[in-house]
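**Student:** Would you mind keeping the following structure in view while I ask a few things?
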Amino acid sequence: MKILVLVKNVPEVAEAELEIDQGALDLEDLEMVVNEWDNYAVEEAVRITEASGGEVHLMTLGGEDDEDVLRRGLAMGAHAASHLCDEAFEGSDPATVARIFAAAVKGGGYDLILTGVQSADLGQASIGVLLAQELGLPHATMAIALEPSAGEVVVTRELENNTSEKVALPLPAVVTVQSGINQPRYVSIMGIRKVRKMTIEQIEADDLSLAEDALGAAASMVASQSLVLPPMGDGAQMLEGGLDSVCDQAAAILREKGGLA
Amino acid sequence: MNPLRMPFWGVEWAWLFYLLATLALAVLALGLWEKIALWAQGRRAAPVASHSHPLGAVLADVFLGRRIWQGGRTAGLMHLMLLWGFLGLFVGTCAVAVDHYLISFLQGRVYLWFSAGLEACGLLLVLGLMLALARRWLLPVPRLERRPDDTLLPLWLLAVACGGFMVEAARLAATRPPWEAWSFVGYGLSGLFPSAVAAREAFPWLWWSHALISLGFIAWLPWSKLAHAIAAPASLYLQGQPLAVLAVAAEEGDLAALGLRHLLHLDACTRCGRCVEVCPAAQAGEPFSPRDLLRRARRQARLKYSPLYRLPWLRGRRQALLERDRAADWEAAWYCTTCRACLEVCPVQAAPIEMIRKLRAGLVEQGSAVPPQLMDTMEKLFRYGNPWVAKKGAKAGWAQGREIPDLNKKGAEADWLYFVGCTTAIDTRAQGIARALSDVFIHCGVSFGTLGKKEPCCGDIARRLGEQGLMEEQIEATQALLNKQGLTRIICTSPHCFDTIKKVHPLFSEEGLPLQVLHYSQMLHRLWQQGRLIFDHPLPIKVTYHDPCFLARHNRLVDEPRDLLRAMPGLELVEMADHGLNSLCCGGGGGRMWHEIPGQANLAVRRLEQAASTGAELVVTACPLCLIMLEDARKTGGFEDKFAIIDLSELAARALGLAATDREAAVNP
Numbered sequence: 036m037k038i039l040v041l042v043k044n045v046p047e048v049a050e051a052e053l054e055i056d057q058g059a060l061d062l063e064d065l066e067m068v069v070n071e072w073d074n075y076a077v078e079e080a081v082r083i084t085e086a087s088g089g090e091v092h093l094m095t096l097g098g099e100d101d102e103d104v105l106r107r108g109l110a111m112g113a114h115a116a117s118h119l120c121d122e123a124f125e126g127s128d129p130a131t132v133a134r135i136f137a138a139a140v141k142g143g144g145y146d147l148i149l150t151g152v153q154s155a156d157l158g159q160a161s162i163g164v165l166l167a168q169e170l171g172l173p174h175a176t177m178a179i180a181l182e183p184s185a186g187e188v189v190v191t192r193e194l195e196n197n198t199s200e201k202v203a204l205p206l207p208a209v210v211t212v213q214s215g216i217n218q219p220r221y222v223s224i225m226g227i228r229k230v231r232k233m234t235i236e237q238i239e240a241d242d243l244s245l246a247e248d249a250l251g252a253a254a255s256m257v258a259s260q261s262l263v264l265p266p267m268g269d270g271a272q273m274l275e276g277g278l279d280s281v282c283d284q285a286a287a288i289l290r291e292k293g294g295l296a
Numbered sequence: 118m119n120p121l122r123m124p125f126w127g128v129e130w131a132w133l134f135y136l137l138a139t140l141a142l143a144v145l146a147l148g149l150w151e152k153i154a155l156w157a158q159g160r161r162a163a164p165v166a167s168h169s170h171p172l173g174a175v176l177a178d179v180f181l182g183r184r185i186w187q188g189g190r191t192a193g194l195m196h197l198m199l200l201w202g203f204l205g206l207f208v209g210t211c212a213v214a215v216d217h218y219l220i221s222f223l224q225g226r227v228y229l230w231f232s233a234g235l236e237a238c239g240l241l242l243v244l245g246l247m248l249a250l251a252r253r254w255l256l257p258v259p260r261l262e263r264r265p266d267d268t269l270l271p272l273w274l275l276a277v278a279c280g281g282f283m284v285e286a287a288r289l290a291a292t293r294p295p296w297e298a299w300s301f302v303g304y305g306l307s308g309l310f311p312s313a314v315a316a317r318e319a320f321p322w323l324w325w326s327h328a329l330i331s332l333g334f335i336a337w338l339p340w341s342k343l344a345h346a347i348a349a350p351a352s353l354y355l356q357g358q359p360l361a362v363l364a365v366a367a368e369e370g371d372l373a374a375l376g377l378r379h380l381l382h383l384d385a386c387t388r389c390g391r392c393v394e395v396c397p398a399a400q401a402g403e404p405f406s407p408r409d410l411l412r413r414a415r416r417q418a419r420l421k422y423s424p425l426y427r428l429p430w431l432r433g434r435r436q437a438l439l440e441r442d443r444a445a446d447w448e449a450a451w452y453c454t455t456c457r458a459c460l461e462v463c464p465v466q467a468a469p470i471e472m473i474r475k476l477r478a479g480l481v482e483q484g485s486a487v488p489p490q491l492m493d494t495m496e497k498l499f500r501y502g503n504p505w506v507a508k509k510g511a512k513a514g515w516a517q518g519r520e521i522p523d524l525n526k527k528g529a530e531a532d533w534l535y536f537v538g539c540t541t542a543i544d545t546r547a548q549g550i551a552r553a554l555s556d557v558f559i560h561c562g563v564s565f566g567t568l569g570k571k572e573p574c575c576g577d578i579a580r581r582l583g584e585q586g587l588m589e590e591q592i593e594a595t596q597a598l599l600n601k602q603g604l605t606r607i608i609c610t611s612p613h614c615f616d617t618i619k620k621v622h623p624l625f626s627e628e629g630l631p632l633q634v635l636h637y638s639q640m641l642h643r644l645w646q647q648g649r650l651i652f653d654h655p656l657p658i659k660v661t662y663h664d665p666c667f668l669a670r671h672n673r674l675v676d677e678p679r680d681l682l683r684a685m686p687g688l689e690l691v692e693m694a695d696h697g698l699n700s701l702c703c704g705g706g707g708g709r710m711w712h713e714i715p716g717q718a719n720l721a722v723r724r725l726e727q728a729a730s731t732g733a734e735l736v737v738t739a740c741p742l743c744l745i746m747l748e749d750a751r752k753t754g755g756f757e758d759k760f761a762i763i764d765l766s767e768l769a770a771r772a773l774g775l776a777a778t779d780r781e782a783a784v785n786p
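These protein sequence lines map, in sequence, to chains A and B.
Read in the working numbering, the first sequence has 57 at position 22, and its numbers run on one by one without any break.
Read in the working numbering, the second sequence has 528 at position 411, and its numbers run on one by one without any break.
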């Protein structure tokens with residue numbers, strides 16, 4: 036089985052102090068990591084090929100530094116990777132990104148295309164679905180289990196309140212993968228070093244049969260207007276005084292609000 | 118009549134004996150060949166360095182059983198009796214062979230003394246064997262296992278020895294030579310035969326049964342745990358091999374891919390269980406035992422590399438056993454705190470610390486059996502240079518309000534680099550150490566600086582977790598920074614950083630400047646000896662000192678912290694049941710600080726129970742990980758009104774009247 040996984044490099048923001056620079060997140064002090072959901076998708080794809088053969092191909096769209104996300108996936112056991120990298124792609128909205136991916140995917144002969152349910156940075160949750168539309172393929176979202184067989188994949192989809200739905204899709208198909216579908220393996224430094232010499236296919240705008248005005252900001256219908264950080268301070272109460280006094284005050288507040296029995 | 122030996126006295130069919138002996142020797146040779154083939158395999162995987170332990174010490178350990186005595190007198194006595202009894206009989210048998218086939222010398226007085234000597238050895242062996250059996254069955258020693266061969270082997274050997282005496286007794290009873298009293302045991306037993314005729318009739322039966330049992334034993338030798346007779350001396354000889362840069366196992370997550378030294382360790386182990394007795398994880402009831410790990414590793418090494426297991430009909434069984442052991446190893450790999458207690462008591466220096474590191478390294482490369490919490494820790498180490506927060510530059514916060522030179526800056530100079538370490542720089546409790554220590558240094562006029570926000574991780578955690586690649590990167594980055602700034606004199610807060618920078622960094626810095634690395638307790642000790650550190654504030658309290666594993670066992674630093682404590686006026690030092698080199702681990706080493714094992718017993722609580730029984734009001738330690746582990750256990754284990762936990766540096770600051778007010782509350786319970 037030939038599986039394509041779309042992956043994305045995203046900034047890790049959980050514990051970081053964020054700053055906005057010209058309407059976008061200032062990436063200066065942020066570390067880029069593989070999008071959590073995509074990581075699950077890569078692991079799932081690698082497990083499928085480990086169990087029943089085939090190959091895993093990775094693809095990302097991003098700047099030069101984003102090649103790291105492909106190397107990491109290769110170290111996990113993917114067999115090949117393509118990097119869509121061109122200034123012309125910048126400013127693309129999700130529909131345009133899906134159109135670019137579709138152009139790159141066409142003729143690849145993939146049986147299954149996986150990607151994360153959503154990306155941690157923009158959270159549009161739309162690339163997988165839009166790509167299926169562009170390619171005219173069936174799709175399923177929120178997968179928490181995959182059972183591929185000849186010509187078909189049965190997908191367990193996560194629904195609200197611990198319910199789930201099993202759907203069967205004829206192959207080829209597009210599936211977006213929910214977190215928790217598996218436990219992704221650790222990628223060691225040595226593992227990344229071992230794949231350092233693997234060639235990553237570079238794809239530029241000219242390599243795709245897309246009109247110039249079908250790319251980038253010009254083709255996009257949605258444009259980001261502003262990014263707003265959460266307001267500081269509200270909800271936090273600063274206690275003043277010595278250690279004992281602060282402790283007494285904190286205990287009093289907890290008691291008052293019913294936090295202490 | 119000249120006393121002399123009578124080979125094959127009254128025995129017919131000597132040819133059959135020779136045939137069976139050849140067979141037994143062939144099985145013995147096959148067993149030895151298998152071992153040698155395995156060891157050769159190990160030598161290809163990782164040859165041993167030419168450096169080895171002083172021969173005199175090895176011989177003393179082997180022939181006097183010094184390390185066995187250290188663990189218990191009965192065991193020492195038993196081993197000595199078995200060793201010398203067995204050795205005496207072995208040499209005696211060789212002498213008989215020489216006498217019989219080469220030069221005849223066993224006659225006259227020589228023969229008489231020889232006979233008496235062999236009697237003594239046989240008696241020693243029998244008594245030793247009885248003691249061995251008694252230790253397992255009558256006065257059970259809890260650490261000893263009772264696997265079938267643990268009983269069968271001594272019983273068999275007992276049958277060999279007693280059979281020998283009976284053969285001799287029958288011969289004496291039948292012939293009654295004038296010198297019979299020299300064979301005092303056989304002579305004593307010869308009374309069992311009612312007449313010379315009866316003895317003569319019984320003799321061939323006794324002789325043949327003795328021969329068969331003995332030949333069977335010879336054939337079994339290399340396959341039994343008596344193989345330690347060869348492997349244990351070799352294992353002792355190879356102790357203290359220089360640390361090697363660990364090559365990542367070709368077979369991932371696989372204990373079988375071990376080097377020669379480790380393979381010798383596996384054969385040297387007789388499963389005496391001293392390691393289990395002192396292992397903090399095993400003693401806290403966790404499903405881990407260093408002994409079982411070694412046993413599985415030995416089996417795996419055999420299954421994988423023994424030429425015997427290449428036989429086609431053994432392959433299926435081989436695969437099934439390997440899978441089972443692998444699953445057990447994958448689980449066991451993460452319990453070890455690398456506290457080194459096992460190695461301290463192991464009579465043959467075979468305990469598996471290095472093997473566990475190798476096992477972990479394999480698992481990390483393989484990737485899927487790494488506990489998620491540790492994956493997260495390693496990701497943080499890689500991206501942010503610390504195991505605690507997903508944030509860069511978090512290592513300077515502790516120093517707010519203190520003027521400490523940043524040695525990254527141009528023109529900044531100091532005699533010493535104070536290497537704060539990830540945990541001390543970031544954890545709110547451990548930060549107290551950095552503040553106290555810098556105050557003490559300033560007070561004593563020590564010229565020091567730090568690397569501030571840019572301080573890298575020294576690679577210790579990656580090393581302990583088996584992330585070899587990350588360890589290398591971190592060590593190289595640290596060395597590059599030190600070289601760039603020309604920093605060679607380093608004081609570490611953490612015994613863990615201290616151990617890695619001192620022992621492992623030099624392996625990676627080919628052109629680097631020679632480093633002088635001290636743990637802060639050594640530095641304070643120096644200052645105290647030089648008269649620059651004078652404790653002048655009385656501390657009339659009773660304290661007990663918890664030795665961090667990486668100071669005491671790994672680096673033999675037990676006196677320095679105690680000297681400092683004793684130098685503090687008014688302070689009374691009392692010791693816990695386990696202290697110094699026998700310290701009981703807090704449970705924070707080996708990466709376990711960052712790994713909560715579901716349902717895990719709290720190792721630190723066990724430690725504090727010992728502390729509580731000393732009646733001390735203060736538990737002092739000298740390691741940020743110990744400090745955090747003990748502090749947590751104090752709260753969760755119900756010790757809050759009994760004592761406080763404090764770091765040696767904080768106590769030193771108090772004894773100088775420098776105690777930071779924010780720590781005062783913690784110090785006074």
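Note that beta-carbon positions come from the ideal geometry of N, C-alpha and C, so glycine has one too.
On the DSSP bridge assignment, give the partners of residue 151 of chain A in chain order.
**Tutor:** Position 116 of the first sequence, counted from the first residue, corresponds to residue 151 of chain A. Residue 151 of chain A is bridged to A/212.
**Student:** Bridge partners for residue 564 of chain B per DSSP, in chain order?
**Tutor:** Mapped onto the second sequence, residue 564 of chain B falls at position 447. Bridge partners of residue 564 of chain B: none, in fact.
**Student:** Which residues in chain A have a C-beta closer than 8 Å to the C-beta of residue 489 of chain B? List them in chain order.
**Tutor:** In the second sequence, the residue the question calls residue 489 of chain B occupies position 372. Near residue 489 of chain B (Cβ distances below 8 Å), the residues of chain A are 218.
**Student:** Would residue 231 of chain B be called buried (16 or more neighbouring beta carbons within 10 Å of its own) or exposed?
**Tutor:** For this step, residue 231 of chain B is matched to residue 114 along the second sequence. The residue is buried, with at least 16 neighbouring Cβ atoms inside 10 Å.
**Student:** Exposed or buried, what is residue 235 of chain B when buried is set at 16 or more other beta-carbons lying within 10 Å of its beta-carbon?
**Tutor:** Working through the second sequence from its first residue, we reach residue 235 of chain B at position 118. The residue is buried, with at least 16 neighbouring Cβ atoms inside 10 Å.
**Student:** Name the chain A residues whose beta carbon is nearer than 7 Å to that of residue 587 of chain B?
**Tutor:** Along the second sequence, one-based indexing puts residue 587 of chain B at 470. Chain A residues near residue 587 of chain B: 224.
**Student:** Among B/691, B/142 and B/700, which has the Cα closest to the Cα of residue 675 of chain B?
**Tutor:** Translated into positions along the second sequence, residue 675 of chain B becomes position 558. Out of B/691, B/142 and B/700, B/700 has the C-alpha closest to the C-alpha of residue 675 of chain B.
**Student:** Let me know if residue 263 of chain A comes out buried or exposed under the rule of 16 or more other beta-carbons within 10 Å of its beta-carbon.
**Tutor:** To locate residue 263 of chain A, count along the first sequence from 1; it is residue 228. By the 10 Å Cβ count, residue 263 of chain A comes out exposed.
**Student:** Using a C-beta to C-beta distance shorter than 7 Å, which residues of chain A count as neighbours of residue 590 of chain B?
**Tutor:** Residue numbering aside, residue 590 of chain B sits at position 473 when the second sequence is read from its first letter. 224, listed in chain order.
**Student:** Below 7 Å between beta carbons: does that hold for residue 166 of chain A and residue 133 of chain A?
**Tutor:** The residue labelled residue 166 of chain A in the question sits at position 131 within the first sequence. The residue labelled residue 133 of chain A in the question sits at position 98 within the first sequence. In this structure, residue 133 of chain A lies closer than 7 Å to residue 166 of chain A by Cβ.
**Student:** Identify every run of the beta strand (DSSP E) within the region 243 to 293 of chain B, keeping only runs that are complete inside it and at least 3 residues long; order them along the chain.
**Tutor:** none
**Student:** Taking its Cβ as the centre, do 16 or more other Cβ atoms sit within 10 Å of residue 307 of chain B, making it buried, or is it exposed?
**Tutor:** Within the second sequence, residue 307 of chain B is the residue found at index 190, counting from 1. Burial call: buried.
**Student:** Between residue 580 of chain B and chain A, is there a C-beta pair that is closer than 7 Å?
**Tutor:** For the purposes of this step, residue 580 of chain B is taken as residue 463 along the second sequence, with counting starting at 1. Chain A contact via Cβ: absent.
**Student:** What residue range is occupied by the uninterrupted beta strand (DSSP E) comprising residue 182 of chain A?
**Tutor:** If you number the first sequence from 1, residue 182 of chain A lands on position 147. Secondary structure note for residue 182 of chain A: its beta strand (DSSP E) is the uninterrupted segment 174 to 184.
**Student:** Using a 10 Å radius around the Cβ and a threshold of 16 neighbouring Cβ atoms, would you call residue 207 of chain B buried or exposed?
**Tutor:** Counting from one through the second sequence, the residue named residue 207 of chain B turns up at place 90. Exposed is the call here.
**Student:** In angstroms with no decimal places, state the Cα-to-Cα distance between residue 46 of chain A and residue 595 of chain B.
**Tutor:** Here residue 46 of chain A refers to the residue found at position 11 when the first sequence is read from its first residue. Here residue 595 of chain B refers to the residue found at position 478 when the second sequence is read from its first residue. Their Cα atoms are separated by approximately 26 Å.
**Student:** What is the C-beta distance between residue 150 of chain A and residue 211 of chain A, in whole angstroms, given that I count them as a contact (C-beta under 8 Å)?
**Tutor:** Taking the first residue of the first sequence as 1, we reach residue 150 of chain A at position 115. Taking the first residue of the first sequence as 1, we reach residue 211 of chain A at position 176. So it is a contact: roughly 6 Å between Cβ atoms.
**Student:** In terms of DSSP beta bridges, what is residue 90 of chain A paired with?
**Tutor:** The residue given as residue 90 of chain A occupies position 55 in the first sequence. Paired residue(s): A/37.
**Student:** If you count every other CB in all the chains shown that lies within 10 Å of the CB of residue 740 of chain B, and 16 or more means buried, which is it?
**Tutor:** For the purposes of this step, residue 740 of chain B is taken as residue 623 along the second sequence, with counting starting at 1. Answer is buried; the Cβ neighbour count reaches 16.
**Student:** Quick check on residue 417 of chain B: does DSSP put it in helix, strand or coil?
**Tutor:** For this step, residue 417 of chain B is matched to residue 300 along the second sequence. Three-state result, residue 417 of chain B: helix.
**Student:** Can you tell me where the alpha helix (DSSP H) holding residue 57 of chain A begins and where it ends?
**Tutor:** The sequence position of residue 57 of chain A within the first sequence is 22, counting from 1. Segment: none, residue 57 of chain A is in no alpha helix (DSSP H) and carries neither H nor E.
**Student:** Please confirm if the region 289 to 296 of chain B is in contact with the region 315 to 329 of chain B, defined as three or more CB-CB distances below 8 Å between the two stretches.
**Tutor:** yes
**Student:** Would you mind telling me which residues of chain A sit closer than 8 Å to residue 709 of chain B, beta carbon to beta carbon, in chain order?
**Tutor:** Taking the first residue of the second sequence as position 1, residue 709 of chain B is located at position 592. Neighbours of residue 709 of chain B on chain A: none; closest Cβ ~17 Å, over 8 Å.
**Student:** For residue 148 of chain B, which residues from the same chain have a beta carbon less than 6 Å from its beta carbon, with the 5 sequence-adjacent residues on both sides left out?
**Tutor:** In the second sequence, the residue the question calls residue 148 of chain B occupies position 31. Answer for residue 148 of chain B: 339 and 340, listed in chain order.
**Student:** Run through the DSSP bridge pairs and tell me what residue 44 of chain A is partnered with.
**Tutor:** Start at 1 with the first residue of the first sequence, and residue 44 of chain A comes out as number 9. Bridge partners of residue 44 of chain A: A/69.
**Student:** Determine, using beta carbons only, whether residue 79 of chain A comes closer than 7 Å to chain B.
**Tutor:** What you label residue 79 of chain A is simply residue 44 of the first sequence in a count that begins at 1. So, not an interface residue.
**Student:** Pull up the CB-CB distance for residue 217 of chain A and residue 82 of chain A, whole angstroms please, since I reckon it's below 8 Å.
**Tutor:** Position 182 of the first sequence, counted from the start, is the residue given in the question as residue 217 of chain A. Position 47 of the first sequence, counted from the start, is the residue given in the question as residue 82 of chain A. Going by Cβ atoms, the distance from residue 217 of chain A to residue 82 of chain A rounds to 7 Å, so yes, they are a contact pair.
**Student:** Quick check on the burial criterion: 16 or more other C-beta atoms within 10 angstroms. Buried or exposed for residue 285 of chain A?
**Tutor:** Residue numbering aside, residue 285 of chain A sits at position 250 when the first sequence is read from its first letter. Of the residues assessed, residue 285 of chain A falls on the exposed side of the cut-off, its CB having fewer than 16 other CB atoms within 10 angstroms.
**Student:** Name the residue from B/755, B/622, B/337 and B/693 whose alpha carbon lies nearest to the alpha carbon of residue 728 of chain B.
**Tutor:** In the second sequence, counting from the first residue as 1, residue 728 of chain B sits at position 611. Comparing Cα-Cα distances from residue 728 of chain B to each of B/755, B/622, B/337 and B/693, the minimum goes to B/693.
**Student:** According to DSSP, simplified to helix, strand and coil, what is residue 222 of chain A?
**Tutor:** Residue numbering aside, residue 222 of chain A sits at position 187 when the first sequence is read from its first letter. DSSP, read as helix, strand or coil, puts residue 222 of chain A in coil.
**Student:** Going along the region 438 to 467 of chain B in order, which residues come within less than 9 Å of chain A, judged by CB to CB distance?
**Tutor:** none
**Student:** Please work out which residues of its chain come closer than 7 Å, Cβ to Cβ, to residue 138 of chain B, disregarding the five sequence neighbours upstream and downstream, and give them in chain order.
**Tutor:** Sequence index remark: in the second sequence, residue 138 of chain B carries index 21 (1-based). Answer for residue 138 of chain B: 332, listed in chain order.
**Student:** Under the assumption that residue 722 of chain B contacts residue 697 of chain B (Cβ atoms under 8 Å), give the Cβ distance between them as a whole number of angstroms.
**Tutor:** As a working mapping, residue 722 of chain B is identified with position 605 in the second sequence. As a working mapping, residue 697 of chain B is identified with position 580 in the second sequence. At roughly 21 Å, the Cβ-Cβ gap does not stay under 8 Å, so residue 722 of chain B and residue 697 of chain B are not in contact.
**Student:** How would you write the range of the beta strand (DSSP E) that residue 533 of chain B sits in, first residue to last?
**Tutor:** The count along the second sequence starts at 1 and reaches residue 533 of chain B at position 416. Run containing residue 533 of chain B: 533 to 536, per the beta strand (DSSP E) assignment.
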